[in-house]
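Protein chains in written order, with our numbering: chain A, 1 to 162; chain B, 1 to 655.
The beta carbon of each residue, even a glycine, is placed where N, CA and C say it ideally should be.
All values derive from a computational prediction rather than experimental measurement.
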Amino acid sequence: MRHYLLCALMLALGSTAVLSTAHAKDGYGTAGCGLGSLLFGSEPGLVQVLAATTNATFGTQTFGITSGTSNCVDTKASAASTAAFIQANRETVSKEIARGSGETIASITTLAGCADAAAVGSTLQSSFIQIFPNEQVSDIAVSDSVVKTLQAHPELACHSLS
Amino acid sequence: MLGFFVCASSACGYGRLGPSEPSYPRPGDPYVESLVTNAREQKLWEQPQWHKLLHYRLGMFGQGFLGGGYTSEADGIGFFLAPGGKVDPQAELEATIRSLFQPLTAAKRGSTPDPDDHPLCRFPARFMFLRAALGIDVQRLPVTRCPAAEKFIRELDSTSLSLIFSSYYLNNPASAFGHTFLRFNRRNTLASGERRELLDYGIDYSADVDTGNAVIYAIKGLTGMFPGTFKRIPYYYKVRAYNDYESRDLWEYQLDFQPAQLLMLSAHLWELGHTYFAYYYLSENCSYHILSLLEVANPSLDLISHLVSPVIPADTVKVLYEQPGLVGRVAFRPSLRRQFEARVEHLDSEQRSLVEELATDAEYPIPATVTHQRAIDTLDAAADLVDVLYARELVHKTDSDAAKRKQRLLERRAEILEPSRALSIEPPYAEAPEHGHGSHRIGVGVATADKHWGATLEFRLALHDLADATPGYPELNAIEFMRARLQFWRPYRFELQDASLIRVTSLTPQTRFDRKMSWEFDVGATTLEDSACDQCLAPHISGGAGGALELFDKGLAIYALARGSVAWTPEIEGLGDSHFRLGVGPSGGMRIRLTRGLILLGTAYWLWLPAQTPNQTYRIDASLRLRTFDELAIGLEGRATPNGLEAGLLAYSYF
């Protein structure tokens, strides 16, 4: 009997999860697709510190197979997925833009539909201070700046951003 | 467009949405019943593919018991179309056939019917299986479009599949034994032949944790009270979380599957998205279910039946190698810590000093004599170091000093308008999990103490200690789960010398760049070997923290910790009037790796027992262990306690 009650509870929990993603469907929400917000939700509690691993606490709604079309899961070439990628990889992206090269630069090139990763790297490197004016700039502001920078350089030919 | 999973070679109709017309066969219709008869003639429910798709396992009593003795591991009610479907493969198959022809109706009165709610669209993999086996006429189906299912399956379109292993991570229990998940390798090969792996999709099985209490978390995780679900996560999230945030290595095993098999797996993942499985940390855990997915893609694979509880992720990797030809290319993604260490290796002493300074003072001047290239290498290493030391604070934005430091280092780097060269790291193949000794261990041997002789029997459920052969495991980490050592002395004394529920030693050598702590933790029971009592058994909890140093590429390691211990037994006069024994004191050890299979290990502790009798105690252990053939080792061991010396010779078998 307890087993069926547990199932009913799970279904109820599952359906509320679906309801909450329905609101998030239009955009990726104020929290963005950043690693921090997805790892722990609002703030880390004791169990999150203990189970602080992607084994157990990744946002079920965002990554659930049937629970919606969050932009954070999209890896087709588009402006939205480019932005989601930058937010999720923010710490590495900032390093690789400073370096002018790297795997995240190559992935941004593909997601934005640009022609050449070396050219993208070099352009972003020379625009580092515009994209990262200080350490407090948010993940979303960073992704906006990168996308705008790429759009402002038509020679990069980033087709998926128009 | 129902696309690939219906229209393989024949022409199909498009877009017949809306309430079903009377010309479509209903359940009970002769056509539908003819399919059921066909299925019965073929005994289709006995096919391995059907069992894998429904995750049926044979129960303890085997076949012939209550409906064939099978139970499905899936726990969500909605996963089964027949009332008894969870335990009856035949009933579930026949119900599925009939459900395919169920009329498409709206979920609520007045709303438009959604084809994705129809059983055909909820269970596309079952449909593919039945269509191939029964030759179902797709013209007669009430639904031919499954927009959400098709989108999901299309997005997973891949050339191959990889199993990913993320290495041991002792800083939290859920990851202590590692983790495995799958990666669908998409068709995004560029003209250069490169692929953008970060843009692949990962498929993960994990528990959905709903509690903030550590004890409840442990209990629920062990007893299957958390639901486990499958998730689809872009691979870049996994790389950032494992490689960077947790500084764990990733091993990537490319597996041999045909496109049709990958299609079946993608369709099945859509089915699994609607349900959950009770998550059992020790058995039906992440690695177990990942293997069950591989069996769905290729039902002739026999992987799970080779596993013994507790299911250790590394064992699930070894099981892959038992299937000839299944594992292809193996790739390695180094953790951020390993990337930093590789950068430092290429730096000279001036650059290393600069890195050390820059990590705390991002404005530290770089002399004008340093060339651009050397400055680039220095700043790149310094930025990686800040990321390693402050991974959590940077992601959660809780340490503005660390963020400012990183920002300044990156600004200085960006001013040098030259790109960095790619870092190349030789994969440490000897550390790959498939090379590890077996996770279970049994030991038998002889012992002598105070002119008495005896026999020793030792058993350990999992996993590895500092004297075991090193391949496949982190060099300086030990994690032991359910361990017991029994002694039978002549004449006729039996002793449970030592037992542990869990015992962990995590040594991280201190370097000029990183002063991480080393620690140990032990919960179990031990026989007290001093004047407190006559060899009584006392449960205890002990823990210590301190530092470690290493030389010769971790060939020589020493460590020293401050340790505390609490034990309890009615046979002692403990602290105050209680039976508790409380002690604090130093503990430490030295480990010498003579070869990968020959380890010399010495450990010791001393405890001050304030206001107790006796008021101090100590223990020293020494062990020389040699791996002989593949899964056998011989150990020469000795022990010193206030009660005297003991020595023994044991043979260990790993399996």
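query: How big is the Cα-Cα spacing for glutamine 48 of chain A and cysteine 33 of chain A?
result: Locating residue 48 of chain A in the first sequence gives position 48, where the first residue counts as 1. Locating residue 33 of chain A in the first sequence gives position 33, where the first residue counts as 1. Its pLDDT being 44, under 50, glutamine 48 of chain A is placed unreliably in this model, and the value from its coordinates should be taken loosely. The alpha-carbon atoms of glutamine 48 of chain A and cysteine 33 of chain A are separated by roughly 19 Å.
- prompt: Got a sec? Which residues, its chain only, sit under 7 Å from glycine 478 of chain B by beta carbon, not counting five neighbours each side?
  reply: Here residue 478 of chain B is taken as the residue at index 478 of the second sequence, counted from 1. Looking at the sequence shown, residue 478 of chain B is not glycine but alanine. Contacts found: His464, Asp465, Leu466, Val504 and Thr505.
Same chain only: Cβ atoms within 7 Å of threonine 189 of chain B, ignoring 5 sequence neighbours per side: Numbered from 1 along the second sequence, position 189 holds the residue referred to as residue 189 of chain B. Beyond the five residues adjoining it in sequence on each side, threonine 189 of chain B comes within less than 7 Å, by CB distance, of Arg195 in the same chain, given in chain order.
- prompt: In angstroms, rounded to a whole number, what distance separates the CA positions of tyrosine 288 of chain B and cysteine 158 of chain A?
  reply: Working through the second sequence from its first residue, we reach residue 288 of chain B at position 288. Working through the first sequence from its first residue, we reach residue 158 of chain A at position 158. Each residue's Cα considered, the two are about 42 Å apart.
field: Separation of threonine 144 of chain B from alanine 106 of chain B, as counted between CA atoms
entry: Numbered from 1 along the second sequence, position 106 holds the residue referred to as residue 106 of chain B. Numbered from 1 along the second sequence, position 144 holds the residue referred to as residue 144 of chain B. A direct Cα-Cα distance of roughly 16 Å separates alanine 106 of chain B from threonine 144 of chain B.
query: Tell me which same chain residues have a C-beta within less than 7 Å of the C-beta of glutamate 418 of chain B, skipping the five on either side of it?
result: On the second sequence, residue 418 of chain B is found 418 positions in, with the first residue counted as 1. So the qualifying residues of the chain are His372 and Ile376.
query: Pick from B:Leu476, B:Asp348 and B:Ala95: whose alpha carbon is nearest that of tryptophan 660 of chain B?
result: Here chain B has residues from 1 to 655 only, and residue 660 of chain B is not among them.
- prompt: How is phenylalanine 257 of chain B classed by DSSP in three states: helix, strand or coil?
  reply: As a first step, residue 257 of chain B is located in the second sequence; it is residue number 257 there, counting from the start. Per DSSP, reduced to three states, the secondary structure at phenylalanine 257 of chain B is coil, with no helix or strand assignment.
message: Against glutamine 130 of chain A, what residues of chain B qualify as contacts under a CB-to-CB distance less than 9 Å, listed in chain order?
response: Residue numbering aside, residue 130 of chain A sits at position 130 when the first sequence is read from its first letter. Chain order gives no chain B residues near glutamine 130 of chain A, where near means a beta carbon separation below 9 Å; the closest approach is about 11 Å.
field: leucine 182 of chain B versus threonine 92 of chain A - alpha carbon distance
entry: Taking the first residue of the second sequence as 1, we reach residue 182 of chain B at position 182. Taking the first residue of the first sequence as 1, we reach residue 92 of chain A at position 92. About 23 Å.
field: chain A contact residues for valine 395 of chain B, given Cβ-Cβ distances below 9 Å
entry: Indexing the second sequence from 1 puts residue 395 of chain B at position 395. Result: Gly34, Leu35, Gly36, Leu39, Arg90 and Glu91.
query: Of all the CB atoms in chain B, is at least one closer than 7 Å to the CB of serine 94 of chain A?
result: Reading the first sequence from its first residue, position 94 is the one you call residue 94 of chain A. By this cut-off, serine 94 of chain A is an interface position.
query: Nearest to leucine 650 of chain B by CA position, among B:Ala447, B:Ile153 and B:Ser72, is which residue?
result: Here residue 650 of chain B refers to the residue found at position 650 when the second sequence is read from its first residue. Of the listed residues, the one whose Cα sits closest to leucine 650 of chain B is B:Ala447.
message: Within a Cβ cutoff of 7 Å, which residues of the same chain sit near leucine 379 of chain B, ignoring the five residues on either side of it in sequence?
response: Taking the first residue of the second sequence as 1, we reach residue 379 of chain B at position 379. Excluding residues within five positions, the ones whose Cβ falls inside 7 Å are Leu409, Arg412 and Arg413.
message: Measuring only the C-alpha atoms, how far is glycine 28 of chain B from arginine 98 of chain B?
response: Indexing the second sequence from 1 puts residue 28 of chain B at position 28. Indexing the second sequence from 1 puts residue 98 of chain B at position 98. Cα-Cα distance, rounded: 8 Å.
message: Looking at chain B, is there any beta carbon in it that lies within less than 7 Å of the beta carbon of threonine 66 of chain A?
response: For the purposes of this step, residue 66 of chain A is identified with residue 66 of the first sequence, where counting begins at 1. So yes, threonine 66 of chain A belongs to the interface.
task: Give me the Cα-Cα distance between arginine 596 of chain B and leucine 645 of chain B, rounded to the nearest whole angstrom.
output: Numbered from its first residue, the second sequence carries residue 596 of chain B at position 596. Numbered from its first residue, the second sequence carries residue 645 of chain B at position 645. For arginine 596 of chain B and leucine 645 of chain B, the distance between alpha carbons rounds to 29 Å.
field: Residue from A:Leu35, A:Gly36 and A:Arg90 whose Cα sits closest to the Cα of phenylalanine 132 of chain A
entry: Here residue 132 of chain A refers to the residue found at position 132 of the first sequence. Cα-wise, what sits closest to phenylalanine 132 of chain A is A:Arg90.
message: Does the contact criterion of 3 or more C-beta pairs under 8 Å hold for the segment 253-269 of chain B versus the segment 157-165 of chain B?
response: Counting Cβ pairs under 8 Å, three or more are found: they touch.
message: So within the segment 401-477 of chain B, which uninterrupted beta strand (DSSP E) runs reach at least 3 residues, ignoring any that extend past its ends?
response: List check, beta strand (DSSP E) in window: 441-449 and 452-464.
- request: Note down, one range per segment and in chain order, each alpha helix (DSSP H) of at least 4 residues found wholly within the segment 103-152 of chain A.
  value: For the segment 103-152 of chain A, whole alpha helix (DSSP H) runs of length 4 or above, ordered along the chain, are 103-111, 117-126, 128-131 and 139-151.
message: Considering Cα atoms alone, identify which of B:Arg485, B:Ala430 and B:Ser34 is closest to threonine 470 of chain B.
response: In the second sequence, the residue the question calls residue 470 of chain B occupies position 470. For threonine 470 of chain B, the nearest C-alpha among the options comes from B:Ala430.
field: Close beta carbons around aspartate 302 of chain B, own chain, < 7 Å, minus the five adjacent residues each side
entry: As a first step, residue 302 of chain B must be located in the second sequence, where it is residue number 302. Closer than 7 Å at the Cβ level, and outside the excluded window around aspartate 302 of chain B, lies no residue.
query: For alanine 152 of chain A, does the count of other Cβ atoms within 10 angstroms reach 16, so buried, or fall short, so exposed?
result: Within the first sequence, residue 152 of chain A is the residue found at index 152, counting from 1. By the Cβ neighbour-count rule, alanine 152 of chain A is exposed, with fewer than 16 other Cβ atoms within 10 Å of its own.
query: Taking Cβ positions only, does leucine 155 of chain A come closer than 7 Å to chain B?
result: Numbered from 1 along the first sequence, position 155 holds the residue referred to as residue 155 of chain A. Here the sequence assigns glutamate to residue 155 of chain A, which means leucine is not the residue at that position. Closer than 7 Å to the CB of glutamate 155 of chain A there is not a single CB belonging to chain B.
task: Kindly indicate which residue of B:Phe494, B:Asp75 and B:Asp530 has the alpha-carbon position closest to the one of methionine 225 of chain B.
output: Your numbering for residue 225 of chain B matches position 225 in the second sequence. For methionine 225 of chain B, the nearest C-alpha among the options comes from B:Asp75.
field: Nearest candidate by alpha-carbon position, reference glycine 221 of chain B, set B:Tyr280, B:Phe184, B:Arg187 and B:Glu271
entry: In the second sequence, residue 221 of chain B corresponds to position 221, counting from 1. Measuring from the Cα of glycine 221 of chain B, the nearest candidate turns out to be B:Tyr280.
- prompt: Which partner residues does leucine 551 of chain B have in the DSSP bridge list?
  reply: One-based indexing of the second sequence puts residue 551 of chain B at position 551. Its beta-bridge partners are B:Leu556.
- prompt: In chain order, what residues of the same chain lie with their CB nearer than 6 Å to the CB of arginine 186 of chain B, ignoring the 5 residues before and after it?
  reply: As a position in the second sequence, residue 186 of chain B is number 186, starting the count at 1. In chain order, Ser158 and Asp200 place their CB closer than 6 Å to the CB of arginine 186 of chain B, counting only its own chain and leaving out the 5 sequence neighbours on each side.
- request: Could you tell me which residues DSSP puts in a beta bridge with phenylalanine 332 of chain B?
  value: For the purposes of this step, residue 332 of chain B is taken as the residue at position 332 of the second sequence. According to the DSSP secondary-structure assignment, phenylalanine 332 of chain B is paired through a beta bridge with B:Trp251.
- request: Just the C-alpha distance for glutamine 339 of chain B and valine 308 of chain B, rounded to the nearest angstrom, thanks.
  value: Reading the second sequence from its first residue, position 339 is the one you call residue 339 of chain B. Reading the second sequence from its first residue, position 308 is the one you call residue 308 of chain B. One C-alpha to the other measures close to 35 Å.
Serine 162 of chain A to proline 103 of chain B span [Cα, whole Å]: For this step, residue 162 of chain A is matched to residue 162 along the first sequence. For this step, residue 103 of chain B is matched to residue 103 along the second sequence. Their Cα atoms are separated by approximately 44 Å.
query: Comparing alpha-carbon positions, which option in B:Ile366, B:Gln90, B:Ala362 and B:Ala368 lies nearest alanine 402 of chain B?
result: One-based indexing of the second sequence puts residue 402 of chain B at position 402. Ranking B:Ile366, B:Gln90, B:Ala362 and B:Ala368 by CA distance to the CA of alanine 402 of chain B puts B:Ala362 first.
query: What's the C-alpha gap between tyrosine 473 of chain B and arginine 619 of chain B?
result: Mapped onto the second sequence, residue 473 of chain B falls at position 473. Mapped onto the second sequence, residue 619 of chain B falls at position 619. If you draw a straight line from the Cα of tyrosine 473 of chain B to the Cα of arginine 619 of chain B, it comes to about 27 Å.
- prompt: In or out: aspartate 384 of chain B buried (at least 16 other Cβ within 10 Å) or exposed?
  reply: What you label residue 384 of chain B is simply residue 384 of the second sequence in a count that begins at 1. So aspartate 384 of chain B counts as buried.
query: Within this structure, are the beta carbons of threonine 66 of chain A and leucine 111 of chain A separated by less than 7 Å?
result: Along the first sequence, read from residue 1 onward, the residue named residue 66 of chain A stands at position 66. Along the first sequence, read from residue 1 onward, the residue named residue 111 of chain A stands at position 111. Not in contact: threonine 66 of chain A and leucine 111 of chain A (Cβ atoms no closer than 7 Å).
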